[in-house]
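Residue numbering for the sequence shown follows my numbering, starting at 822 and increasing by one per position.
Encoded as structure tokens, the structure appears first; notes follow it.
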Amino acid sequence: MRAGQAFCSHILIDGPNALPRFRNKLERDYQVTLPRADADITQLNVDDVRELFRIFLTFIKANLNGQTKLRINASWASQEIFVTSFSGMTLPGVIYKQADLAAELTKLAERFGVKTAPVYRSVDQNSTIPLETIVDGDLQDRIRSLYNRDFISFGFSAWSN
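Written out as structure tokens, the structure is:
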């Protein structure tokens, strides 16, 4: 889930991958306090993180609809927009679904004579916050609403927890 990974990597944690302008915008315009250090994160419970993610999704909606002065960040941009953008230069030969990447990476390696394929590791596995603990029905609906064209174009299904 792109929005969840973006939230965990760039917004929730004030680390090397944080996006300060976006964090500041959330704190200023949505009246939230985001963690500044790892110790602050341990003070948050599941409901706190869920609410921060809900607010982040509200921000993404405004951002994707051009209602903020900040650029749309690639980490939460619609995948349909990506494909449409680069297909103006060249059409993709194939598009893989995340669920199929581990098997397809092995096939690609074999096809090009690579003896040992890199091990695929889902971005969800890199997350510091297990998304399945915070995503509820309301968040599912919000995510579906934000990325409806991706769901339709790429056959995405609801997050299963």
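All C-beta atoms in this analysis are idealised placements derived from N, C-alpha and C, irrespective of residue type, glycine included.
Treat the numbers as computed from the prediction; the structure is a model and nothing was measured.
Using only the alpha-carbon positions, how far apart do A883 and L891 sit?
Distance between the alpha carbons of A883 and L891 is about 10 Å.
DSSP-derived helix/strand/coil call for G914:
coil
Collapsed DSSP secondary structure at G836 in the structure displayed
coil
For the alpha helix (DSSP H) that contains S966, what are its first and last residues?
G958 to L967
Entirely enclosed alpha helix (DSSP H) segments - the stretch 824-878, minimum 4 residues
841-851 and 859-863
So F975 and K918 are in contact, right, with Cβ under 8 Å, and what is the actual spacing, rounded?
7 Å
Contact under 8 Å by Cβ, L952 with G825:
yes
Length of the line joining the Cα atoms of T927 and G914:
Roughly 17 Å between the two C-alpha positions.
Put N947 into one of helix, strand or coil per three-state DSSP.
For N947, the predicted structure reports a pLDDT of 47, less than 50, and the residue's modelled location is therefore unreliable. The matter cannot be settled from this model.
Drop a sphere of 10 angstroms on the beta-carbon of P856, count the other beta-carbons inside from all chains shown, and report buried for 16 or more, exposed for fewer.
buried
Evaluate R932 with the Cβ neighbour count: other Cβ atoms within 10 Å of its Cβ, from every protein chain shown; 16 or more gives buried, anything less gives exposed.
The residue is exposed, with fewer than 16 neighbouring Cβ atoms inside 10 Å.
Euclidean distance between Cα positions of D859 and F977
33 Å
Determine the DSSP secondary structure at N982, reduced to helix, strand or coil.
Legend: pLDDT at N982 = 49, less than 50; position of this residue unreliable, no value from coordinates given.
Would you tell me roughly how many angstroms separate the C-alpha atoms of R823 and A898, rounded to the nearest one?
8 Å
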